[in-house]
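Take a look at the structure set out below.
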Amino acid sequence: MEMFNIFSKNKYNLVLLFLAVNTVASATSAEAETKPPQVKYQVQSQQVQIPDIPRYTGRAAYVGAKEYISPGLTGKDIRITYLMQEDPDMVSSWYSGALKSYQWSIQDNKDDPKRLHGSKGKATCSLYAAAYNGPLYRTCLSITYRSGE
2 MEMFNIFSKN
12 KYNLVLLFLA
22 VNTVASATSA
32 EAETKPPQVK
42 YQVQSQQVQI
52 PDIPRYTGRA
62 AYVGAKEYIS
72 PGLTGKDIRI
82 TYLMQEDPDM
92 VSSWYSGALK
102 SYQWSIQDNK
112 DDPKRLHGSK
122 GKATCSLYAA
132 AYNGPLYRTC
142 LSITYRSGE
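Sequential numbering of the sequence shown, starting at 2, is according to our numbering.
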């Protein structure tokens, strides 16, 4: 009842509240109308080998992969996750050299050397080697690959 008394004392507050609620509601409905179609994915239970991405030669365990499916998306769009026993710096350094030997053009990322971005023809890939604090493994590696066909 006290809240109602505040608004009845000042009719302008009630008008402003009404305008604010309508503005938020209009913005929300306009935003919903312009959202892109939702991207779906399929979980890949079997280990996925990406073309032209070298397989890590250290100690690694396959965690899983998702293949993304979207209307209008051509080619492959895959994210694979591995756990590795070596530390993140060693893993990212290995992939930097290995991708270059597979003729990938690697962009230097001096701000975060554990993130690699590469391109080869129409294909692109991004790798991120993050510290992992679980048993047996020290790195969680995420590889995102898009074929761009």
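Glycine included, C-beta positions come from ideal geometry on N, C-alpha and C. This structure is a prediction, so every number in the text was calculated from the model and none was measured.
- Look at K77 here: in three-state DSSP terms it is coil, with no helix or strand label.
- Excluding five sequence positions before and after S148, the CB atoms of its chain that fall closer than 6 Å to its own CB belong to G76, K77, A124, given in chain order.
- For N134, the closest alpha carbon among the candidates P89, Y96, Q45 is that of P89.
- According to the DSSP assignment, G119 belongs to the beta strand (DSSP E) that extends over 116 to 121.
- Counting only residues of its own chain and dropping the five nearest sequence neighbours on each side, I54 has a CB closer than 7 Å to the CB of C126, I144, Y146.
- In this structure, the alpha-carbon of L84 lies about 7 Å from that of Y63.
- The C-alpha of I79 lies about 16 Å from the C-alpha of L117.
- Judged by their CB atoms, V92 and L137 are not nearer to each other than the 8 Å cut-off.
- Residue environment analysis places T58 among the exposed positions, since fewer than 16 neighbouring C-beta atoms fall within 10 angstroms of its C-beta.
- Put simply, of R60, A61, D109, T82 the residue whose alpha carbon is nearest the alpha carbon of E68 is T82.
- In this structure, the CA atom of R60 is about 7 Å from the CA atom of E87.
- Remark: C-beta atoms of R139 and A131 do not approach each other more closely than 8 Å.
- The beta carbon of Q43 lies closer than 6 Å to those of E68 in the same chain, with the five residues before and after it left out.
- The beta-bridge partner set that DSSP reports for Y129 consists of R116, S143.
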